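J.:
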Amino acid sequence: MDVLYRTYFWGLGTRIENAFFEEHRRLKELNPQISDTELFDKLFQLAPLNRIPKEELEDIRKRFSNSAQAFHFIDRHFTKYKKYFKK
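Residue 31 in the numbering used here sits at position 51 of the sequence shown, with consecutive numbering throughout.
1. Would you report the Cα separation of P12 and Y61, rounded to the nearest angstrom?
2. One question on the structure: do R31 and F65 come within less than 8 Å of each other, judged by their Cβ atoms?
3. Could you have a look at L29 and say whether DSSP puts it in helix, strand or coil?
4. Could you compute how far the alpha carbon of F44 sits from the alpha carbon of K34?
5. Measure the Cβ-Cβ separation of L26 and A(-1) and say whether it is below 8 Å.
6. Between K63, H57, F58 and Q49, which has its C-alpha nearest F1's C-alpha?
Put into structure tokens, the structure is as follows:
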């Protein structure tokens, strides 16, 4: 029932957020010593986040110290970034 609910009612932003943080937890569990830079690089290679132009990602990376903060920025400004997430 939970899967059915998510399929019909969760938006694209929620699905991206869930996939992002699931992968974040997995990577941290596999390698607790992973650097923020390496974690950022791996997480933002995930589709559809990898569709954000590299220049914008670099600006985001300069502003935020870790990948979770960067993701929350993108989530807060989802209306601007959703154009990159649509196929």
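All C-beta atoms, glycine included, are put in the ideal place defined by N, C-alpha and C. As the structure is a computational prediction, the values presented were derived from the model and not from experiment.
T.: On the basis of the supplied data:
1. Your numbering for residue 12 matches position 32 in the sequence shown. Your numbering for residue 61 matches position 81 in the sequence shown. Going by the C-alpha atoms only, they are around 30 Å apart.
2. Residue 31 sits at position 51 when you count from the first residue of the sequence shown. Residue 65 sits at position 85 when you count from the first residue of the sequence shown. Going by C-beta atoms, R31 is nearer than 8 Å to F65.
3. As a working mapping, residue 29 is identified with position 49 in the sequence shown. Residue state, collapsed to three classes: helix.
4. Along the sequence shown, one-based indexing puts residue 44 at 64. Along the sequence shown, one-based indexing puts residue 34 at 54. Between the C-alpha atoms of F44 and K34 there is a straight-line separation of about 15 Å.
5. Mapped onto the sequence shown, residue 26 falls at position 46. Mapped onto the sequence shown, residue -1 falls at position 19. In this structure, L26 lies near A(-1), with their beta-carbon atoms less than 8 Å apart.
6. In the sequence shown, counting from the first residue as 1, residue 1 sits at position 21. In terms of CA proximity to F1, Q49 leads the group K63, H57, F58 and Q49.
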